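Engineer:
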Amino acid sequence: MLPSRPAPAGPFTRSIREALESAVSPAAANNVLADALKRASLASVPEEIEPFRRFCEGPFHLAVRNAMGESAIEQVFERLGHVLWMATSDVQALEAARAWSRGAAAKNRAAAHAGEEEDSGVHHVEPLPTRG
Numbered sequence: 001m002l003p004s005r006p007a008p009a010g011p012f013t014r015s016i017r018e019a020l021e022s023a024v025s026p027a028a029a030n031n032v033l034a035d036a037l038k039r040a041s042l043a044s045v046p047e048e049i050e051p052f053r054r055f056c057e058g059p060f061h062l063a064v065r066n067a068m069g070e071s072a073i074e075q076v077f078e079r080l081g082h083v084l085w086m087a088t089s090d091v092q093a094l095e096a097a098r099a100w101s102r103g104a105a106a107k108n109r110a111a112a113h114a115g116e117e118e119d120s121g122v123h124h125v126e127p128l129p130t131r132g
């Protein structure tokens, strides 16, 4: 039987590790992350935007401050801030596109029932793959 391999780390986990390792050694980064996960009662870093944001603002922030001091918080969170901004922007853009697509589809259905010509714009938005 082959030994089990750990699941690959998701993008938020990799981002946290990269941010920590910009300030401390990989071993120290592991300790800080383990402390944050313990504080949050989690087995792994959340890979969904809102749980990740709450994790970063709460248990992770406390673990960084306790292990590395106030001065390290700015360095670590500056790196993470970009990741959070990008993830939030992507989610908001996707939600807006889906909402627009649903609204346009409803408008076309109403127009078809009223005998009007349908809008010829492109209204289909491909869903993004989800994490399994």
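No gaps in the numbering here: position 91 of the sequence shown is 91 in this note's numbering, and each next residue is one more.
Here a beta-carbon is modelled for each residue, glycine too, at the ideal position from N, C-alpha and C.
On a predicted model such as this, the values are computed, not experimentally measured, just so you know.
#1: Measuring CB to CB, does G81 end up less than 8 Å from E47?
#2: Count the other CB atoms, across all protein chains shown, that sit within 10 Å of the CB of A27; report buried if there are 16 or more and exposed otherwise.
#3: Whole angstroms is fine: what's the gap from A67's alpha carbon to A43's?
#4: Do you know how far the Cα of V83 is from the Cα of S15?
#5: Which first and last residues belong to the alpha helix (DSSP H) in which P59 is found?
#6: Drop a sphere of 10 angstroms on the beta-carbon of A34, count the other beta-carbons inside from all chains shown, and report buried for 16 or more, exposed for fewer.
#7: Using alpha carbons as the reference points, say which of T13, A19 and I49 lies closest to H64.
#8: Could you check how far apart the C-beta atoms of V76 and A23 are, in whole angstroms? I think they sit under 8 Å.
#9: Following the continuous alpha helix (DSSP H) through E21, name the residue where it begins and the one where it ends.
#10: Going by DSSP in three states, P26 sits in which element: helix, strand or coil?
Structural biologist: Taking the definition as stated:
#1: no
#2: Exposed, because fewer than 16 other Cβ atoms sit within 10 Å of the Cβ of A27.
#3: 20 Å
#4: 7 Å
#5: No alpha helix (DSSP H) contains P59, which DSSP labels as neither H nor E.
#6: exposed
#7: Per the sequence shown, the amino acid found at residue 64 is Val instead of His. Of the listed residues, the one whose Cα sits closest to V64 is A19.
#8: 6 Å
#9: P11 to E21
#10: helix
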